[in-house]
Amino acid sequence: MTTPANLLTLVQGLVLAISYLSLALGYVPGLRMNRATIALVSAAVLVALGTLSLDAAWAAIDANTIVFLLSMMVVNAYLSYAGFFQLALVQLLRLTRSPLGLLVLLTVGTGALSAVFLNDTLALVSTPLTLQLTRALKLNPVPYLLAIAGATNLGSLATLSGNPQNILVGSFSGIGYLAFAQALLPVALLGLVLQVGLLWWLYPELRSLAPCPSP
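Going by the numbering used here, the sequence shown runs without a break in its numbering and finishes at 229.
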């Protein structure tokens, strides 16, 4: 027999499951909600259900993390407006014109920049640049876009400033920037190498070292 307490626990678990699924998808079907809205609504529902008291909800908000995130977003925004990321990627891509060389440089370049700056910005900036480049060189853009998607995530794994999740980990654990990088930089590098190898295997056209014809 289901008791009110068991029913409440079931409802709370259902709310959490729906919340995490919606956050993973990035949207709620039929509703105009982004991840921030989903998180706020989910937290409000949990407080209303008594899963979390209002005082506990306020205590869970870490001001240091929010200020650091806001600061990183401001820095990223101004660097993006100034053209820093475009310039860095263009300079890297001038080093080679072969399909494999472009793949390696895109992976290394976006991965390295994502280790220092928030990966969302790198993905947004490098995608149109890569599309323009592959169109000019008459290359299939799909493997290069996959390289950007993977490298921005793998590179951001290496440092505390790479993505918001790492910032939260550093804030709550007290792990230092260098200690974090020493532990996870090898993992990120291994991931980037494996990504290049996987794309090389999946897309035979990437195996060429011959320069692409000039646009």
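Virtual Cβ for every residue (Gly too), placed ideally from N, Cα, C.
Spatial distance of residue i from residue j (CA atoms)
{"i": "L117", "j": "N167", "result": "16 Å"}
{"i": "S94", "j": "S128", "result": "13 Å"}
{"i": "L208", "j": "L39", "result": "26 Å"}
{"i": "M15", "j": "S170", "result": "At M15 the pLDDT is 48, less than 50, meaning the model places this residue with poor confidence; the figure from the coordinates comes in the next sentence. Spanning the two alpha carbons is a distance of roughly 49 Å."}
{"i": "M47", "j": "F131", "result": "26 Å"}
{"i": "S175", "j": "A77", "result": "16 Å"}
{"i": "Q196", "j": "G184", "result": "14 Å"}
{"i": "N90", "j": "L138", "result": "11 Å"}
{"i": "F82", "j": "Y191", "result": "13 Å"}
{"i": "A161", "j": "W72", "result": "40 Å"}
{"i": "L66", "j": "L60", "result": "6 Å"}
{"i": "A172", "j": "L198", "result": "5 Å"}
{"i": "T135", "j": "S222", "result": "30 Å"}
{"i": "L119", "j": "V88", "result": "27 Å"}
{"i": "R111", "j": "Q100", "result": "17 Å"}
{"i": "L151", "j": "I80", "result": "42 Å"}
Assigned exposure category for residue i - 16 Cβ within 10 Å defines buried
{"i": "Q105", "result": "exposed"}
{"i": "N133", "result": "buried"}
{"i": "T23", "result": "exposed"}
{"i": "L216", "result": "exposed"}
{"i": "N20", "result": "exposed"}
{"i": "L45", "result": "exposed"}
{"i": "P113", "result": "buried"}
{"i": "V201", "result": "exposed"}
{"i": "P218", "result": "exposed"}
{"i": "L92", "result": "Reading the sequence as shown, one finds Tyr at residue 92 and not Leu. When all chains shown are included, Y92 counts as exposed."}
{"i": "V156", "result": "exposed"}
{"i": "A165", "result": "buried"}
Three-state class that DSSP yields for residue i in the structure shown
{"i": "V22", "result": "It is worth fixing the name first, because residue 22 is Leu in this sequence and not Val. Residue state, collapsed to three classes: helix."}
{"i": "L153", "result": "coil"}
{"i": "L171", "result": "coil"}
{"i": "M15", "result": "Because the pLDDT of M15 is 48, which lies under 50, any placement of that residue in the model is unreliable, and the number read from its coordinates should be weighed accordingly. DSSP places M15 in coil when its eight states are reduced to three."}
Uninterrupted alpha helix (DSSP H) stretches inside the stretch 48 to 135 (no shorter than 4 residues): 49 to 63, 68 to 73, 77 to 96, 98 to 107, 113 to 130
Validate contact between the stretch 27 to 39 and the stretch 52 to 69 using beta carbons, cut 8 Å, 3 pairs: yes
Touch test, the stretch 180 to 187 against the stretch 146 to 153, Cβ-Cβ under 8 Å, three pairs minimum: no
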